[in-house]
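Protein chains in written order, with the working numbering: chain A, 62 to 353; chain B, 62 to 353. For every residue, glycine included, the Cβ atom is placed at its ideal position computed from N, Cα and C. A short worksheet on the structure shown next.
Protein chains: 2
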Amino acid sequence: MFEQLGLIGCGLMGGSFALALKRAKLVKRVVGYSKSPSTTERAKQLGVIDVAAPSALLAVSGADLVLIAVPVGASEQTFKAIRHGITDQMLVMDVGSTKGDVIEAARRGLQDQLSSFVPAHPIAGKEVAGVEHADAGLYTGRQVVLTPIKTTLRSNVQRATQVWSGIGAKVRTMTPDEHDTTFAAVSHLPHLIAFAFTSGIATQPQGERFLEMAGPGFRDFTRIAASDPAVWRDILMANREKVLLQSQTFRDALRQFEALLASSDAQALENAIAAVSQVRSQWQPGAMGSPE
Amino acid sequence: MFEQLGLIGCGLMGGSFALALKRAKLVKRVVGYSKSPSTTERAKQLGVIDVAAPSALLAVSGADLVLIAVPVGASEQTFKAIRHGITDQMLVMDVGSTKGDVIEAARRGLQDQLSSFVPAHPIAGKEVAGVEHADAGLYTGRQVVLTPIKTTLRSNVQRATQVWSGIGAKVRTMTPDEHDTTFAAVSHLPHLIAFAFTSGIATQPQGERFLEMAGPGFRDFTRIAASDPAVWRDILMANREKVLLQSQTFRDALRQFEALLASSDAQALENAIAAVSQVRSQWQPGAMGSPE
């Protein structure tokens with residue numbers, strides 16, 4: 062049980078965390094700050110936060126739990142803004158989809174308070190942004206990856222595990238590099254592809270007519286193309302080397318499928334699709350083992 | 062109201078059509094045939110068809126409505142098999158995702174009975190195949206594209222429109238070429254990409270570990286990768302020129318996004334994502350106008 066959550070960034074991810082903690086009775090009070098005062102005000106109106114703080118530093122002051130839920134590109138300035146409010150008793154976490162760059166930002170921003178920080182990435186989201194869509198159940202049953210580094214206090218990793226488990230998430234740990242490689246492959250690249258695909262359709266002369274005829278397959282395939290531009294600008298930029306590497310692997314695979322089409326080898330094409338279809342049919346979201 | 066539906070291919074698409082017609086009381090009796098006797102038997106057990114026919118020709122005999130719901134690559138042999146059972150009073154349709162090749166197959170297979178045939182493509186489906194998944198509501202609210210040709214009887218196009226409207230679908234007509242271009246862009250290419258992407262992940266040494274961590278974005282993006290291999294082998298092969306053309310357009314768009322990443326131009330990347338995100342947010346499935 063925490064006394065006070067200091068929430069920096071009262072959007073979908075941060076707001077959902079606050080609501081989940083309140084529902085699980087894991088926090089007594091939430092003090093929130095967003096860069097935009099109207100967002101902070103809206104979060105208060107919606108009962109997501111109890112008190113609106115006029116700055117990130119004041120949101121942190123007096124908290125025993127801090128969650129930073131800003132686009133990853135704003136991490137360093139956020140860490141710098143709150144550094145003088147961090148105490149040794151605080152647990153500080155983020156929710157960023159990239160970890161290597163956030164950890165570097167924390168090193169530079171938090172300096173001697175780095176041990177309080179447990180890098181965290183909950184594998185959850187919606188294609189709609191904003192505190193209006195905050196949802197106490199967003200993290201229920203979802204995976205959360207913690208990527209502690211050498212300086213991270215072990216007791217803080219334990220506390221972080223308890224918080225996320227307490228709101229129904231499944232926790233596992235990875236190295237930051239393993240995390241960023243994994244999510245370049247299964248999350249960041251799909252977003253890049255969905256952006257490029259939708260752009261490729263929309264910019265054709267007949268694009269509008271094409272879109273009129275698109276069905277349920279298109280709907281699901283491109284759902285992530287509606288994602289928040291600022292959030293995904295930061296994620297793709299932060300992890301761009303690994304994303305570009307994965308994109309190369311994808312291009313090679315696409316070229317192989319194109320070659321099967323061009324060669325009219327129907328049996329080879331069917332075999333290739335059958336292999337993929339089997340992988341995807343057997344896949345289950347979050348089919349991970351027990352929490353670490 | 063039809064007396065008898067002759068159903069060739071008692072799978073997901075054909076079975077759902079039979080169930081929908083029965084539910085709407087648009088048919089008195091369904092006589093079904095599938096290449097695999099066990100499928101035909103199962104369709105009968107499930108009440109999808111009333112009578113199991115031992116051949117495609119016998120399934121057609123006595124019918125006033127015929128639906129061919131086989132992988133598009135099997136169209137020609139199916140048309141040939143039923144040709145001598147087709148009368149001038151029959152309305153014959155297919156459900157194939159490609160139209161140019163099916164029409165060619167009908168020309169060769171049906172010959173002087175071609176005027177009875179109304180090429181049809183209902184924009185509906187599931188990532189699971191088989192009569193077990195047949196669903197009377199599969200076509201409700203979905204679009205159905207009819208692609209009549211010069212020889213198609215106008216009265217048959219009207220009857221086809223009535224049948225599909227009668228089970229809750231929205232009907233529009235296009236030329237076969239316009240259809241195949243459109244669906245290469247919004248359906249066939251997404252399948253090819255989803256196959257290639259999933260293959261690219263699964264064949265990496267860490268592929269299994271990657272898949273363990275994949276979340277809801279991956280789930281929706283790759284749903285169509287679980288599609289039926291034989292069905293998609295035929296669709297991609299039948300429409301391969303247009304699909305390869307669309308794939309080239311997609312590759313160019315992907316290259317542009319990669320270049321934005323590589324150049325570290327965060328603002329340009331955000332602008333590009335914002336444009337796409339807006340298109341996708343505003344898109345509605347089946348946002349077509351009134352039926353033609």
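Beta-ladder partner(s) of residue i, from DSSP
{"i": "T234/B", "result": "L207/B"}
{"i": "R90/B", "result": "Q65/B"}
{"i": "A286/B", "result": "Paired residue(s): none; A286/B is not in a bridge."}
{"i": "L73/B", "result": "DSSP output for L73/B lists no bridge partner at all."}
{"i": "T113/B", "result": "For clarity, residue 113/B is Ala in the given sequence; the question names Thr instead. A113/B is bridged to G93/B."}
{"i": "A152/A", "result": "Ala is not the amino acid found at residue 152/A; the sequence shown has Leu there. Note: L152/A sits in a beta bridge opposite L126/A."}
{"i": "F178/B", "result": "V153/B"}
Extent of the continuous alpha helix (DSSP H) run through residue i
{"i": "P290/A", "result": "290-299"}
{"i": "I143/A", "result": "136-143"}
{"i": "L128/A", "result": "Premise fails: L128/A lies in the beta strand (DSSP E), 126-129, not in any alpha helix (DSSP H)."}
{"i": "A257/A", "result": "250-263"}
{"i": "T213/A", "result": "Counting along the chain, T213/A falls outside any alpha helix (DSSP H), and DSSP gives it neither H nor E."}
{"i": "L330/B", "result": "327-343"}
{"i": "A195/B", "result": "Unbroken run through A195/B: none, as it is neither H nor E."}
{"i": "D162/B", "result": "161-171"}
{"i": "Q106/B", "result": "98-106"}
{"i": "E273/A", "result": "268-274"}
Residue closest to residue i, alpha-carbon to alpha-carbon, out of the options
{"i": "W293/B", "options": "S288/A, T264/A, A336/A", "result": "A336/A"}
{"i": "S77/A", "options": "G198/A, K231/A, A230/A", "result": "G198/A"}
{"i": "E359/A", "options": "D149/A, G161/A, V112/A, I147/A", "result": "Lying outside 62 to 353, the shown extent of chain A, residue 359/A is not represented and no answer is given."}
{"i": "G278/A", "options": "I262/B, R203/B, S338/B", "result": "R203/B"}
{"i": "M74/B", "options": "G191/B, G170/B, F178/B, K105/B", "result": "G191/B"}
{"i": "A181/B", "options": "K211/B, Q328/B, V232/B, A142/B", "result": "V232/B"}
{"i": "P98/B", "options": "G157/B, V112/B, R341/B, K89/B", "result": "V112/B"}
{"i": "V121/B", "options": "T201/B, G268/B, R168/B, S95/B", "result": "S95/B"}
{"i": "A245/A", "options": "L250/B, Q345/B, A291/B, L272/B", "result": "L272/B"}
{"i": "I164/B", "options": "L253/B, G146/B, F140/B, T148/B", "result": "F140/B"}
{"i": "A167/B", "options": "P183/B, A142/B, Q150/B", "result": "A142/B"}
{"i": "K83/B", "options": "D196/B, S176/B, T101/B, S177/B", "result": "D196/B"}
{"i": "N300/A", "options": "V127/B, M274/B, L322/B", "result": "L322/B"}
{"i": "K105/B", "options": "I228/B, R270/B, C71/B", "result": "C71/B"}
{"i": "T159/A", "options": "R312/A, K303/A, Q307/A, L315/A", "result": "K303/A"}
{"i": "P251/A", "options": "R312/A, F178/A, K211/A", "result": "R312/A"}
{"i": "M62/A", "options": "V109/A, P209/A, S324/A, A124/A", "result": "A124/A"}
{"i": "E331/A", "options": "G134/B, L107/B, L128/B", "result": "G134/B"}
{"i": "A117/A", "options": "G108/A, I129/A, E188/A, V109/A", "result": "I129/A"}
{"i": "G227/A", "options": "R215/A, V205/A, Q150/A", "result": "V205/A"}
{"i": "M151/A", "options": "T243/A, Q343/A, T259/A, E64/A", "result": "E64/A"}
{"i": "L214/B", "options": "D173/B, I184/B, Q265/B", "result": "D173/B"}
{"i": "I254/B", "options": "D241/B, Q307/B, L119/B, E137/B", "result": "Q307/B"}
{"i": "S176/B", "options": "G146/B, I210/B, E193/B, V156/B", "result": "I210/B"}
Boundaries (first-last residue) of the beta strand (DSSP E) holding residue i
{"i": "A3/A", "result": "Here chain A covers residues 62 to 353 and nothing more, so residue 3/A does not appear."}
Any non-hydrogen atom of the ligand ATP closer than 7 Å to residue i Cβ
{"i": "T243/B", "result": "This structure lacks the ligand ATP; in fact it carries no ligand of any kind."}
Anticipated Cβ contact below 8 Å, residue i with residue j, distance rounded
{"i": "A79/A", "j": "L68/A", "result": "5 Å"}
{"i": "S338/B", "j": "A287/A", "result": "5 Å"}
{"i": "V92/A", "j": "A114/A", "result": "5 Å"}
{"i": "A221/B", "j": "M274/B", "result": "Wrong, their Cβ atoms sit about 47 Å apart, outside the cutoff."}
{"i": "L315/B", "j": "A257/A", "result": "4 Å"}
{"i": "P346/B", "j": "R270/A", "result": "With a Cβ gap of about 15 Å, P346/B and R270/A do not count as contacting."}
{"i": "S325/A", "j": "M235/B", "result": "That belief does not hold up - the Cβ atoms of S325/A and M235/B are roughly 26 Å apart, past 8 Å."}
Contact list for the region 219-230 of chain A against chain B, Cβ threshold 9 Å: none
Against chain B: residues of the region 115-132 of chain A by CB proximity under 7 Å: none
Residues within the region 274-286 of chain B neighbouring chain A, beta-carbon criterion of under 7 Å: M274, A275, G276, P277, G278, F279, R280, D281, F282, T283, R284, I285, A286
Positions along the region 244-264 of chain A whose CB lies within less than 8 Å of some CB in chain B: F244, A246, V247, S248, L250, P251, H252, L253, I254, A255, F256, A257, F258, T259, S260, G261, I262, A263, T264
Where the region 196-216 of chain B meets chain A: residues whose CB sits under 9 Å from a CB there: R203, Q204, V206
Members of the region 139-153 of chain B that neighbour chain A once the beta carbon cut-off is set at 8 Å: none
Contact residues within the region 329-341 of chain B, judged by C-beta distance below 9 Å to chain A: For the region 329-341 of chain B, the residues whose beta carbon sits under 9 Å from a beta carbon of chain A are, in order, L330, E331, N332, A333, I334, A335, A336, V337, S338, Q339, V340, R341.
The region 86-97 of chain B: positions lying closer than 9 Å to chain A by Cβ: none
Cβ-based contacts, 7 Å cut-off: residues of the region 157-172 of chain B near chain A: Closer than 7 Å at the C-beta level to chain A, one finds no residue of the region 157-172 of chain B.
Within 9 Å of chain B by C-beta, residues of the region 69-80 of chain A in sequence order: none
Residues from the region 295-306 of chain B in contact with chain A, defined by Cβ distance under 7 Å: Those would be L297, M298, R301, V304, L305, in chain order.
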